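Participant: Sharing a structure, written as structure tokens. Questions coming.
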């Protein structure tokens with residue numbers, strides 16, 4: 001499947017997009033799952049077919065369906081949302097390859113710490129007005145000064161799963 005994506009500016013559809021996380025805790029016996037309620041973003045598809053853009057998450061909007069845990073995740077032990085309210089992924093390049101595979105290179109910033117991050121996304125739908133990308137990747141939270149690990153309960157990588165739907169901005 002080869003898809004040509006329209007050039008121009010694209011806005012994240014915040015209603016149709018999700019960013020979720022999951023992490024094994026309690027020595028791998030329990031998987032904590034959460035979703036960021038506030039996700040924003042925009043991008044630009046250039047004439048050569050490459051794309052750039054930014055996805056922004058409200059760090060305090062992570063909902064794991066456990067108020068006490070969510071409060072702890074917002075604290076300085078983890079996201080430190082009071083001092084670092086946003087998590088951003090700045091896309092430096094995104095290129096469609098091998099049919100529906102999108103190679104994304106960017107910079108992930110959490111707690112004010114930025115790290116290069118490459119992700120492979122899948123273009124799961126596209127027409128002249130909208131496009132949808134799915135991606136799943138892992139993040140080492142210790143790279144972002146989130147090493148809290150009481151009694152060794154939280155080890156390993158956090159998995160991030162996204163479905164991002166963009167709509168084309170009307171051109172003047």
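Numbering (our numbering), first residue to last: 1 to 172.
All C-beta atoms, glycine included, are put in the ideal place defined by N, C-alpha and C.
Note that this is a predicted model, so its numbers are computed, not measured.
(1) How many Å lie between residue 132 and residue 126 at the Cα?
(2) Determine the direct distance from the alpha carbon of residue 162 to that of residue 151, and round the result to whole angstroms.
(3) In the structure shown, what three-state DSSP assignment does residue 70 receive?
(4) Which same chain residues end up closer than 6 Å to residue 164 when comparing Cβ atoms and leaving out the 5 residues on each side of it in sequence?
(5) Decide if residue 173 is buried, meaning its Cβ has at least 16 other Cβ atoms within 10 Å, or exposed.
(6) Assuming residue 112 contacts residue 91 under a Cβ cut-off of 8 Å, what Cβ separation, rounded to an integer in Å, is found between them?
(7) CB-CB under 6 Å to residue 10, same chain, minus the five flanking residues each way: which ones, in chain order?
(8) Give every residue of the same chain whose Cβ lies closer than 7 Å to the Cβ of residue 40, excluding the five residues on either side of it in the sequence, and list them in chain order.
(9) Residues in its own chain within less than 6 Å of residue 50 by CB, not counting five upstream and five downstream?
(10) Would you kindly report the start and end of the unbroken beta strand (DSSP E) that includes residue 18?
(11) Anyone know if the C-beta pair for residue 64 and residue 110 falls short of 8 Å?
(12) Can you give me the Cβ contacts of residue 36 inside the same chain, cut-off strictly under 6 Å, excluding the 5 residues immediately before and after it?
(13) In terms of residue numbering, what span does the beta strand (DSSP E) encompassing residue 143 cover?
(14) Does DSSP classify residue 151 as helix, strand or coil?
(15) Would DSSP call residue 93 helix, strand or coil?
(16) Just to confirm before moving on: does the CB-CB distance between residue 21 and residue 138 stay below 8 Å?
(17) Going by DSSP in three states, residue 61 sits in which element: helix, strand or coil?
Facilitator: Quick answer:
(1) Here the alpha carbon of residue 132 sits roughly 6 Å from the alpha carbon of residue 126.
(2) With a pLDDT of only 47 at residue 151, under the threshold of 50, the placement of this residue in the model should not be trusted; the figure read from the coordinates follows. For residue 151 and residue 162, the distance between alpha carbons rounds to 30 Å.
(3) Helix at residue 70.
(4) For residue 164, where only same-chain residues beyond five positions count, the Cβ hits under 6 Å are 17, 133.
(5) What is shown of the chain runs 1 to 172, which leaves residue 173 out entirely.
(6) The pair is not a contact, with the Cβ atoms about 19 Å apart (cut-off 8 Å).
(7) Correct list, in chain order: 43, 166, 168.
(8) Around residue 40: 12, 14, 56.
(9) For residue 50, where only same-chain residues beyond five positions count, the Cβ hits under 6 Å are 93, 95.
(10) For residue 18, the enclosing beta strand (DSSP E) stretches over residues 18-25.
(11) No, these two residues do not count as a Cβ contact at 8 Å.
(12) Result list for residue 36: 19, 57, 61, 62, in chain order.
(13) Counting along the chain, residue 143 falls outside any beta strand (DSSP E), and DSSP gives it neither H nor E.
(14) Confidence at residue 151 is low in this model, with a pLDDT of 47, below 50, so the placement of that residue should be treated as unreliable; the coordinate-derived value is given next. Assigned with DSSP and collapsed to three states, residue 151 falls in helix.
(15) Three-state result, residue 93: strand.
(16) Between residue 21 and residue 138, the gap from beta carbon to beta carbon reaches 8 Å or more.
(17) It is helical.
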